[in-house]
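*Asks:* Numbering (this note's numbering) for the sequence shown: 10 to 397. Where is the CB? At the ideal position from N, CA and C, for every residue including glycine. Note that the structure is a prediction, hence the values are computed from the model and not measured.
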Amino acid sequence: MSARFLLSLPDLSPFFELRHHELATRLQGEHLDVLATTQDPAEVARLLGDPLGLYSYLVPEAYGGATTGRPVDLAYIDVRALVLVREALGQVSAQADSIFAVQGLGTYPILLGGSQDLIAEVVPDVVRGRRLGAFALTEPEAGSDVASLRTVAREDGDSFLLDGEKTLISNVPYADHHVVFANADPSLGRKGITAFYVPKGAPGLTLEALPMSAHPLGRLRLEGCRVPKEHVLGHVGAGFRIAMETLDAFRISVGAAANGMAARGLSASIEHVKRRRQFGAPLADRQIVQAYLAEMSTELDAARLLVARAAHRRDTTGERVTSEAAKAKMYATEAAQRIIDKAVQLHGGIGVLEGGVVERLYREIRPLRIYEGTTEIQKLVIAKALLG
Numbered sequence: 010m011s012a013r014f015l016l017s018l019p020d021l022s023p024f025f026e027l028r029h030h031e032l033a034t035r036l037q038g039e040h041l042d043v044l045a046t047t048q049d050p051a052e053v054a055r056l057l058g059d060p061l062g063l064y065s066y067l068v069p070e071a072y073g074g075a076t077t078g079r080p081v082d083l084a085y086i087d088v089r090a091l092v093l094v095r096e097a098l099g100q101v102s103a104q105a106d107s108i109f110a111v112q113g114l115g116t117y118p119i120l121l122g123g124s125q126d127l128i129a130e131v132v133p134d135v136v137r138g139r140r141l142g143a144f145a146l147t148e149p150e151a152g153s154d155v156a157s158l159r160t161v162a163r164e165d166g167d168s169f170l171l172d173g174e175k176t177l178i179s180n181v182p183y184a185d186h187h188v189v190f191a192n193a194d195p196s197l198g199r200k201g202i203t204a205f206y207v208p209k210g211a212p213g214l215t216l217e218a219l220p221m222s223a224h225p226l227g228r229l230r231l232e233g234c235r236v237p238k239e240h241v242l243g244h245v246g247a248g249f250r251i252a253m254e255t256l257d258a259f260r261i262s263v264g265a266a267a268n269g270m271a272a273r274g275l276s277a278s279i280e281h282v283k284r285r286r287q288f289g290a291p292l293a294d295r296q297i298v299q300a301y302l303a304e305m306s307t308e309l310d311a312a313r314l315l316v317a318r319a320a321h322r323r324d325t326t327g328e329r330v331t332s333e334a335a336k337a338k339m340y341a342t343e344a345a346q347r348i349i350d351k352a353v354q355l356h357g358g359i360g361v362l363e364g365g366v367v368e369r370l371y372r373e374i375r376p377l378r379i380y381e382g383t384t385e386i387q388k389l390v391i392a393k394a395l396l397g
């Protein structure tokens, strides 16, 4: 498996540091194949923590995460490390990549706004893989338009009562805790949105799995779900900021996962056209096939550059990189869809047989153009930055 990994670092080393080279070496030496041997989400989640230890890249060094060189920064996530991990996971198992990513989404808001007691309770178990998190933002009538969410929170003594429904939430129903976004004052619009830590088993919380191949997905129903005030993340009204800062940190890595999937599709295509013979010669000898491969490789390189640039700027400046992240996520996911489509075409009939590598990639790449902000929303984000 290690020979099949195509990581950005060797070609784009100016964007990376020594610790990233060490991580790349580690990823090439790890037996990540084990993640593809099971379709059980709970088992995949466990393996990512033990023995692989990959969750350590989702939390700051100060809280037991991987070494970043910034041990006193309580909110610093090494996005370039996330890029390398997700590139590798994208080539092995889309399910493992999804679980890994959502573990980060379901933990980072706690780091941004949780009390020290809550952080101490949750984060060590996250790193060890003993606890799985979820990020509950999307609703039946509120996806891209976050400000229109209808889940509400009303104060009740020393608690809040949450009412509403969340849907298309990754890691449900396997997650041990959920970061739930609800509006504590709908009259304020997005300024009333508040983030809550809601553990599995909370009174008034019902979980339901939704059918989706190779991706744990579910629905939360909150009916008078009681949440103590100490489980408010940040403060009342800080939820929108927490959600956007979390997505800003992890959105770049969606592009990296797409790059990993595209790299696997390109690699499989090169192997296939060298082996497959038509009209007395390998497919690889035909100019149209060579043109396909050239286009696929060039698009992948362009996507890697955009992802590496965005990750490098966020890591080195500490600033929000909303526009750069949007460009990286938009281009990489769209390019990966095109690359994998060409991979299916190059494989011909066997490219659409269920269970084949490129057929699986064709199904798995599609959600990346939707989650953590659709392609259309990324275009609006980029345009807004251009227009000031």
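How do the segment 150 to 169 and the segment 126 to 135 stand: do at least 3 beta-carbon pairs fall below 8 Å, yes or no?
*Replies:* Because the criterion of three Cβ pairs below 8 Å is not met, the segment 150 to 169 and the segment 126 to 135 do not touch.
*Asks:* Could I get the ranges of all uninterrupted beta strand (DSSP E) runs contained in the segment 187 to 239, with 3 residues as the minimum, in chain order?
*Replies:* 202 to 208, 214 to 219, 226 to 237
*Asks:* Report buried or exposed for residue 22, applying the criterion of at least 16 other Cβ atoms within 10 angstroms of its Cβ.
*Replies:* If you number the sequence shown from 1, residue 22 lands on position 13. When all chains shown are included, residue 22 counts as exposed.
*Asks:* Is residue 247 helix, strand or coil by DSSP?
*Replies:* Residue numbering aside, residue 247 sits at position 238 when the sequence shown is read from its first letter. For residue 247, the three-state secondary structure derived from DSSP is coil.
*Asks:* So the candidates are 247, 392, 378, 180; which of them puts its Cα closest to the Cα of residue 201?
*Replies:* In the sequence shown, residue 201 corresponds to position 192, counting from 1. For residue 201, the nearest C-alpha among the options comes from 247.
*Asks:* Round the Cβ separation of residue 182 and residue 232 to the nearest angstrom and send it over; I've been treating them as touching at under 8 Å.
*Replies:* Along the sequence shown, one-based indexing puts residue 182 at 173. Along the sequence shown, one-based indexing puts residue 232 at 223. Not really, about 16 Å apart at Cβ, beyond 8 Å.
*Asks:* Per DSSP, which one or two residues make a beta bridge with residue 139?
*Replies:* Against the sequence shown, residue 139 aligns to sequence position 130. Answer is none; residue 139 lacks a bridge partner.
*Asks:* Looking at the structure shown, is residue 299 part of a helix, part of a strand, or coil, going by DSSP?
*Replies:* On the sequence shown, residue 299 is found 290 positions in, with the first residue counted as 1. Three-state DSSP puts residue 299 in a helix.
*Asks:* In the structure shown, what three-state DSSP assignment does residue 79 receive?
*Replies:* Mapped onto the sequence shown, residue 79 falls at position 70. Taken through DSSP and simplified to helix, strand or coil, residue 79 comes out as coil.
*Asks:* Taking residue 169 as part of the beta strand (DSSP E), name the residues at either end of that continuous run.
*Replies:* As a working mapping, residue 169 is identified with position 160 in the sequence shown. Note, residue 169: beta strand (DSSP E), 168 to 179.
*Asks:* Taking only runs that begin and end inside the segment 289 to 349, name each unbroken alpha helix (DSSP H) of 4 or more residues, in chain order.
*Replies:* 296 to 326
*Asks:* Does the Cβ of residue 297 have 16 or more other Cβ atoms within 10 Å, making it buried, or fewer, making it exposed?
*Replies:* The residue you call residue 297 lines up with position 288 of the sequence shown. Exposed, by the Cβ-count rule.
*Asks:* Are residue 75 and residue 87 touching if we call contact CB-CB under 8 Å?
*Replies:* The count along the sequence shown starts at 1 and reaches residue 75 at position 66. The count along the sequence shown starts at 1 and reaches residue 87 at position 78. The answer is yes: Cβ separation under 8 Å.
*Asks:* Tell me which residue opens and which closes the alpha helix (DSSP H) that residue 92 is part of.
*Replies:* Position 83 of the sequence shown, counted from the start, is the residue given in the question as residue 92. Per DSSP, residue 92 belongs to the alpha helix (DSSP H) from 88 to 101.
*Asks:* Are the Cβ atoms of residue 378 and residue 354 separated by less than 8 Å?
*Replies:* Looking up residue 378 in the sequence shown gives position 369. Looking up residue 354 in the sequence shown gives position 345. No; because the gap between Cβ atoms is not below 8 Å, this pair is not in contact.
*Asks:* In this structure, how does DSSP classify residue 11 when only helix, strand and coil are distinguished?
*Replies:* In the sequence shown, residue 11 corresponds to position 2, counting from 1. Note that residue 11 scores a pLDDT of 40, beneath 50, so its modelled location is shaky and nothing firm can be said.
*Asks:* Using only CA atoms, which one of 85, 31, 152, 168 lies nearest to residue 174?
*Replies:* Locating residue 174 in the sequence shown gives position 165, counting from the first residue. Of 85, 31, 152, 168, the residue nearest in Cα terms is 152.
*Asks:* For residue 149, count the other beta carbons within 10 Å of its own beta carbon; 16 or more makes it buried, fewer makes it exposed. Which is it?
*Replies:* In the sequence shown, counting from the first residue as 1, residue 149 sits at position 140. By the 10 Å Cβ count, residue 149 comes out exposed.
*Asks:* Closest by CA to residue 124, which one among 240, 147, 186?
*Replies:* Translated into the one-based positions of the sequence shown, residue 124 becomes position 115. The candidate whose alpha carbon is nearest that of residue 124 is 240.
*Asks:* Locate the beta strand (DSSP E) running through residue 401, then write down its first and last residues.
*Replies:* Outside the displayed range of the chain (10 to 397) lies residue 401, so it cannot be described from this structure.
*Asks:* With a threshold of 8 Å, are at least 3 pairs of Cβ atoms found where one atom belongs to the segment 294 to 308 and the other to the segment 272 to 285?
*Replies:* yes
*Asks:* Spatial neighbours of residue 12 within its chain, please: CB distance less than 7 Å, with the 5 preceding and 5 following residues excluded, ordered by chain position.
*Replies:* Reading the sequence shown from its first residue, position 3 is the one you call residue 12. Caution is warranted here: a pLDDT of 46 is assigned to residue 12, below 50, making its placement in the model unreliable, and no coordinate value can be reported.
*Asks:* Kindly identify the DSSP beta-bridge partner or partners of residue 144.
*Replies:* For the purposes of this step, residue 144 is identified with residue 135 of the sequence shown, where counting begins at 1. Residue 144 is bridged to 188.
*Asks:* If you run the structure through DSSP and keep just helix, strand and coil, what is residue 165?
*Replies:* Working through the sequence shown from its first residue, we reach residue 165 at position 156. Residue state, collapsed to three classes: strand.
*Asks:* If you draw a straight line from the alpha carbon of residue 177 to that of residue 220, how long is it in whole angstroms?
*Replies:* Translated into positions along the sequence shown, residue 177 becomes position 168. Translated into positions along the sequence shown, residue 220 becomes position 211. Their Cα atoms are separated by approximately 10 Å.
*Asks:* Compute the beta-carbon to beta-carbon distance between residue 259 and residue 114, rounded to the nearest angstrom, for a pair I have assumed lies under 8 Å.
*Replies:* Walking along the sequence shown from the start, residue 259 turns up at place 250. Walking along the sequence shown from the start, residue 114 turns up at place 105. In this structure residue 259 is in contact with residue 114, their Cβ atoms being roughly 6 Å apart against a cut-off of 8 Å.
*Asks:* Can you give me the Cβ contacts of residue 293 inside the same chain, cut-off strictly under 6 Å, excluding the 5 residues immediately before and after it?
*Replies:* What you label residue 293 is simply residue 284 of the sequence shown in a count that begins at 1. Counting only Cβ-Cβ distances below 6 Å, and skipping sequence neighbours, we find 282, 283.
*Asks:* Going by DSSP, which residues form a beta bridge with residue 241?
*Replies:* As a first step, residue 241 is located in the sequence shown; it is residue number 232 there, counting from the start. Its beta-bridge partners are 205.
*Asks:* For residue 151, list the residues DSSP reports as bridge partners.
*Replies:* The sequence position of residue 151 within the sequence shown is 142, counting from 1. Looking at the DSSP assignment, residue 151 forms a beta bridge with 148.
*Asks:* Within 10 Å of its beta-carbon, does residue 238 have 16 or more other beta-carbons around it, so buried, or fewer, so exposed?
*Replies:* Locating residue 238 in the sequence shown gives position 229, where the first residue counts as 1. Exposed, because fewer than 16 other Cβ atoms sit within 10 Å of the Cβ of residue 238.
*Asks:* Got a sec? Which residues, its chain only, sit under 7 Å from residue 227 by beta carbon, not counting five neighbours each side?
*Replies:* The sequence position of residue 227 within the sequence shown is 218, counting from 1. Closer than 7 Å at Cβ, skipping near neighbours: 178, 181, 182, 216, 217, 218, 219.
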